[in-house]
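In full-length UniProt numbering, the protein residues as written are 1 to 838.
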DNA sequence: ATAGGGTTAG
């Protein structure tokens, strides 16, 4: 992208402004008074003049010099302050005063030198200098953000012992310290005990909640604050409250808060605008955010641009993110490391290593390569772009590898389909958090390794310190859906409720889909009905659930209800509704809905929708009409559409049209195995064995093989897999006896399902080894009487197995639920929900 | 003196 190139080609002028200050001191310049000293040179000069005047032991002068040096806050000035301080101690008469210690401790703490601050505090205690009420806030500040919160707790003990625990400023600092360490309960305890609170007390507590995942508590506390008359919120408070609203994605609350700010006369500063823009964008109100952005001349404001860019990235709008940063640069503002994080993320999402490299170049030229976040981001980008060598070069150079660094590597491997490498890394990495687990579990699901995903999830349970969250459960639920394991599904639902994982729409939708795929449409619908904020994809899944269960009418009702609630249907919903009509044989309704797509809803039918219509017409026996539709559709019919026609021909036994359709498919998609099988099916049913042989030969020539049929059956929470013709199951003799029993209860084999020209006995035998029959027989002998048997098959169910299942359901009084690659068969008392039509 | 938005991995 040309625009991003300008990241690369920033003029050297821009790179040297604003960060580096001119430090040149002219020897001729007069000594400035302390408060006007702005550079280390000026301070040194001041110190020299003190020495010259013999005042370098003069207590108040030295104290002031140290304080001023600390105020400047650079490493150099702090070192200088320390030198002067140490000298004054050596000179002996007076030990460093409490005030000097305070200055230095504050300086160290606020420039991140926390250890130095704490060591100096210890020295102070050791030398017998009593800390005062000013010391403790500085020391506590040094204790926050370190992993070792123990220090702060010890300091708290000291505070109590020295009787400073009732000082408001000290208490405020304690609240802040505990909140920063994530100990919100401790923070609140201190807060509640305070006899007097000022705006900082309230703000510290509110901010503590907002920064954790307790944004609701933050907002509640803000309202509590407003009802206590003596303290008024200020702009710092409001920034915290707005960020809490952003976290909650609560637009209504956010706007209420904004209105309050406007009416209360609280100063609106840049930080507040940034927070507001962030809030609007987190609530997906991009337009409002953009208006504010423009109103405050956002392009000239680094923070505003960063807020916009990071949110665009989060929304996947990478072009917009880069656009904002470019506009910002055009107005002369240099991107900082936060901007770079957004830029690099965009490259990563776009899988654009060229842009990524240009960002990397900018990072190197501007000395940003020591920021861990930047490195992690670059590693992620290179891994996602398939440049593992570049990723590892950065990785190897990092001294502070965190769990995020490792997670980026694992995710990168997953992205490139290297599940084994991902697993090896995952196993050996030094620390794992919930994201690590989610990455590997999600990766296994993506690779269709569903059982493995669930195993890993189970081993996660026994790990300390990790708790499954909504993301984990989405992966696990979708794995379970693929397996069609209802007992597992129920357990997953129970687990989510028990562990208090929030059932928001996305997770809820996954659960609806899971139950639907496990053949439990009732549970699916009851969860769907309980969901708040249902979006189009939630409705789509519910409609699909009804379609799969053969409940066409309910599917249409749901669709109408969705429209009534003002949601705009997309192409995917129509696939669901039309499929439902097709399975339910609702030809007229199907046609009406199809015709309404563009006219009423502005959704242009795509090839899948034509496929649905061909399917609908074909199943209803209207083969000619189906063919007519194909020939007159505005799009070029693809293999999927012809395959729908072919499948319909199989159902209707129309050999000629089947051959015609199959020919088309083989031109367009010669590797589509299913079409050969369907065609041979049609020929076999018609007894045209020569043609069956021809199809078989042409498959062989192309190196295609019929994928083996496999069926899963879940018995007492364990999934058993059967493959067609496989007799290796340990219970095979019992399974065989069961099959024999049913065959002799009056099952008439449907020999058209055997695609080989062998004698009748051989055909009957081959039929009896279909995977779904093996699974069914095993289910019958290994589950309790009266319980439902659930089978998941990878291919379409054969008609012989279908009638076999119907007979079994009646004789043994069992409900059999059979899911094939297309739909569900709920078989009760000899009847199937598909009305023998699939 | 004490409090502040935007921050990488799923």
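Beta carbons: idealized from backbone N, C-alpha and C, even for Gly. As the structure is a computational prediction, the values presented were derived from the model and not from experiment.
- The stretch 805-815 makes no contact with the stretch 476-489: fewer than 3 CB pairs, one atom from each, lie closer than 8 Å.
- Scanning 233, 326, 413, 339 for the CA closest to the CA of residue 311 turns up 339.
- When the Cα atoms are used, residue 653 and residue 682 turn out to be separated by approximately 6 Å.
- As the crow flies, the alpha-carbon of residue 527 is around 14 Å from that of residue 558.
- Residue 547 holds the alpha-carbon nearest to the alpha-carbon of residue 519 among 506, 500, 533, 547.
- Residue pairing for residue 721: DSSP places it in a beta bridge opposite 712.
- As the crow flies, the alpha-carbon of residue 424 is around 42 Å from that of residue 304.
- Ranked by Cα distance from residue 636, the first of 282, 609, 659 is 609.
- Cα atoms of residue 563 and residue 569: separation of roughly 7 Å, rounded to the nearest angstrom.
- Residue 612 counts as buried, since at least 16 other C-beta atoms from the protein chains shown sit within 10 angstroms of its C-beta.
- For residue 532, no alpha helix (DSSP H) segment is defined, and its DSSP state is neither H nor E.
- Cβ neighbours of residue 620 within its own chain (closer than 7 Å, five residues either side excluded): 585, 587.
- A straight-line Cα-Cα distance of about 57 Å links residue 446 and residue 102.
- Put simply, the stretch 454-467 does not touch the stretch 414-422. Fewer than three CB pairs are less than 8 Å apart.
- Non-local C-beta neighbours of residue 125 in its own chain, meaning closer than 8 Å and more than five positions away in sequence, comprise 131, ordered along the chain.
- Taking a C-beta distance under 8 Å as the contact criterion, residue 289 and residue 248 do not qualify as a contact pair.
- The three-state reading of DSSP puts residue 385 in coil, since its state is none of H, G, I, E or B.
- The C-beta separation of residue 253 from residue 245 comes to about 5 Å, placing the pair in contact by the 8 Å criterion.
- Rounded to whole angstroms, the separation of the alpha carbons of residue 817 and residue 829 is 12 Å.
- Residue 826: member of the beta strand (DSSP E) spanning 824-828, first to last residue.
- Non-local C-beta neighbours of residue 531 in its own chain, meaning closer than 7 Å and more than five positions away in sequence, comprise 505, 508, 538, ordered along the chain.
- Per the C-alpha coordinates, the member of 372, 381, 376 positioned closest to residue 358 is 381.
- Annotation: the continuous beta strand (DSSP E) that includes residue 816 extends over 816-819.
- Apart from sequence neighbours up to five positions away, the residues of its chain that approach residue 50 with a beta-carbon distance below 8 Å are 56, 58, 61, 62, 65, ordered along the chain.
- Only buried fits residue 137, as 16 or more other CB atoms lie within 10 angstroms of its CB.
- Each of 365, 361, 317, 193 was checked against the Cα of residue 342, and the nearest Cα belongs to 317.
- Secondary structure of residue 290 (DSSP, three-state): helix.
- Around the CB of residue 171, 16 or more other CB atoms lie within 10 Å, so the residue is classed as buried.
- Cβ-Cβ separation between residue 516 and residue 485: approximately 13 Å, too far for a contact (criterion under 8 Å).
- Our two residues, residue 190 and residue 175, have alpha carbons roughly 6 Å apart in a direct line.
- Taking all protein chains shown into account, residue 395 has 16 or more neighbouring C-beta atoms within 10 Å of its C-beta and is therefore buried.
- Taking a cut-off of 8 Å for Cβ pairs, the stretch 722-734 and the stretch 662-681 do not touch, as fewer than three such pairs fall below it.
- With contacts defined by Cβ atoms closer than 8 Å, residue 755 and residue 684 form a contacting pair.
- Distance from residue 598 to residue 571 at the Cβ level is roughly 11 Å; contact not present, criterion being Cβ atoms closer than 8 Å.
- Using a C-beta cut-off of 8 Å, the stretch 706-724 makes contact with the stretch 781-795, since at least three inter-stretch Cβ pairs fall below that distance.
- In terms of Cα proximity to residue 468, the closest of 490, 500, 127 is 500.
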